[in-house]
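Whatever position you read off the sequence shown (first residue = 1), add 304 for my numbering.
Just so you know, even glycine gets a beta-carbon here, dropped at the ideal spot from N, CA and C.
For clarity, every value in this text was computed on a predicted model and none was experimentally measured.
So the structure is just underneath, and the comments pick up after that.
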Amino acid sequence: MTTYSLFFCFFFPFCAIFLNAVDATWTYGVNYGRIADNLPPPESVVTLLKAAKIKNIRIYDADHGVLTAFKGSGIEIVVGLGNEFLKDISVGEDRAMNWIKENVQPFLPDTHIRGIAVGNEVLGNPDVGLWEVLLPAAKNVYNALYRLQLTNIVQVSSPHSEAVFANSFPPSSCIFREDIVPFMKPLLQFFSLIGSPFFINAYPFLAYKNDPEHIDINYALFKKNKGIFDAKTNLHYDNMFEAQVDAAYAALEKAGYPKMPVIVSETGWASHGDENEAGATLKNARTYNRNLRKKLMKKKGTPFRPKTVVRAYVFALFNENSKPGPTSERNFGLFKPDGSISYDIGFTGLKPSSAGPSSLLSFKKLGIGGWFGCSYSMVLTASAAILMLILAS
């Protein structure tokens, strides 16, 4: 067995245990999409996020203007390595190294880049060619981060859509699609070794839009309803969001990864849509996002994983008027381009107004907090020493 194999056998499981044991204090993040021609500059976005006390965001690229604007803000960012780069990055670690040296390393540590999302909704995408390169690309990105000694602060992940599941109702019956399993299981094995969570884009809105006749709108919106009962687990669900999260846990358990945490990388509700897009109203968007925020702020688990705190990134910070597709795609924003809120979901420090900068009230400077604490750094230091001994032997 090579020293590299020994390292994977002994070091990575050890590292993963501590990664999963970290008490992540955040539960509520926001996706900062920018496919629009009317958005405020990133510097103004930083001010808005601080006023709203939002400390975690996800972007879909590694735009240098955005990363520079967030310097010193204390806001933690997950950057995106787009699907269009995966085939090139999968070819060799040097390609990944170049991308990280250009788009990640120069901004650290002042800009708190805490993760790289390798691709977005790749498995389940019609382009099967992307399925084949996702794992090699993820490995190359991780290996490059490791050689740059950045794996203790930058996590590697890959968000999935609900399309990876064969079924998800009731939650306990959820399994991965048969055609996706040969690609998903090796990916899960790698992410388990390096301590990465499972990222899922969970949208009760899309489920309701596709089947409004059989889904109770109150169940989708966290409102009072009779809910559903899962006979296999003897668990009751009074909202679809938690049922979707637990469906992901059930699929992971059947795949052999019951301890892998689930993080919702996207969820939200459209405030406007086409005539055939049921439920896409401002009232429903306000209700869903307000109730979701209340749920997440309680820092509790789900019926199936009551001790694992639910964490989610809401989609999206702004409406994106240049996005293609149905009208709903351009109407998920929590805020207007002038910095005022689209609808009140309980943010403190903000008020509903179209008066531009006056819609932002004073705020205290956010403290700088990372995903990883001092004790974790000590663990990594000790682990590095062990690695050096293995490599020297």
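Judged by DSSP in its simplified three-state form, I521 adopts helix.
Residue burial annotation: S462 is buried, with at least 16 other C-beta atoms found within 10 angstroms of its C-beta. Between T331 and L600, the C-beta gap is smaller than 8 Å, which places the two residues in contact. One Cα belongs to A366, the other to N635, and the distance between them is close to 23 Å. Here the alpha carbons of R609 and E633 stand approximately 31 Å from one another. Residue environment for T415: buried (at least 16 other C-beta atoms within 10 angstroms of its C-beta).
For R597, the enclosing alpha helix (DSSP H) has its first and last residue at 586-601. With respect to N538, N529 sits apart: the two C-beta atoms are not nearer than 8 Å. In chain order, D534 place their CB closer than 6 Å to the CB of P474, counting only its own chain and leaving out the 5 sequence neighbours on each side.
Assigned with DSSP and collapsed to three states, N471 falls in strand.
Rounded to the nearest whole angstrom, the C-alpha separation of A547 and A524 is 10 Å. With fewer than 16 other Cβ atoms from the protein chains shown falling within 10 Å of its own Cβ, P490 counts as exposed.
Take the alpha-carbon of H518 and the one of E581: they are about 15 Å apart. Taking a C-beta distance under 8 Å as the contact criterion, S465 and N505 qualify as a contact pair. In the three-state DSSP reduction, Y647 falls in the coil class, being neither helix nor strand. Inter-segment contact for the stretch 366-383 and the stretch 392-402 is absent: fewer than three beta-carbon pairs are separated by less than 8 Å. At the C-beta level, S496 and Y592 stay beyond 8 Å of one another.
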